[in-house]
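Novice: Have a look at the structure that comes next, please.
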Amino acid sequence: MGECAASSGLSDIGVFLSMSSREQAVQQAKKTVEQLRGERNMRRTPVSASAADLIRFTQDLQREDVLLTGFPNDKMNPYRPKSSFQCNLI
Numbered sequence: 001m002g003e004c005a006a007s008s009g010l011s012d013i014g015v016f017l018s019m020s021s022r023e024q025a026v027q028q029a030k031k032t033v034e035q036l037r038g039e040r041n042m043r044r045t046p047v048s049a050s051a052a053d054l055i056r057f058t059q060d061l062q063r064e065d066v067l068l069t070g071f072p073n074d075k076m077n078p079y080r081p082k083s084s085f086q087c088n089l090i
């Protein structure tokens with residue numbers, strides 16, 4: 001009789017866990033539906049228009065981009081070697 005009660009208790013835990021995972025799946029599905037409803041009315045932009053905007057943006061700022069124009073002096077360059085000492089392992 002004790003074995004039956006133990007078995008019954010374990011199966012109850014399994015049912016509880018299964019229902020919990022089902023509830024989690026339902027909650028996740030509800031969140032997904034809510035997200036999709038929010039995105040449904042978003043204005044869509046063609047990729048060609050987005051690419052043109054990106055090109056225009058980079059062209060407008062290229063004069064200020066130190067990676068394209070270079071740094072005015074070496075001290076302003078954070079990528080310069082920190083010291084002249086180099087250790088070569090042979």
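At position 1 of the sequence shown (counting the first as 1) the number is 1 in full-length UniProt numbering, and the numbers step up by one without a gap. Ideal placement from N, C-alpha and C gives every residue a C-beta, glycine not left out. In this text the structure is predicted, and so the values were computed from the model without any measurement.
State the Cα-Cα distance for the pair G38 and M76, rounded to the nearest angstrom.
Specialist: 46 Å
Novice: Since I believe Q62 is in contact with L68 (beta carbons under 8 Å), could you give me their beta-carbon distance rounded to a whole number of angstroms?
Specialist: 5 Å
Novice: Within the same chain, show all residues whose beta-carbon is closer than 8 Å to that of D74, passing over the 5 residues directly before and after it, in chain order.
Specialist: R80
Novice: Where does D53 sit, in a helix, a strand or coil, going by DSSP?
Specialist: helix
Novice: My output table needs one value for residue 92: the three-state DSSP class, helix, strand or coil.
Specialist: The question about residue 92 has no answer here: the residues shown for the chain are numbered 1 through 90.
Novice: Verify the CB distance criterion: does E39 have a CB-CB separation below 8 Å to chain B?
Specialist: No chain B appears in the structure shown, which is made up of a single protein chain.
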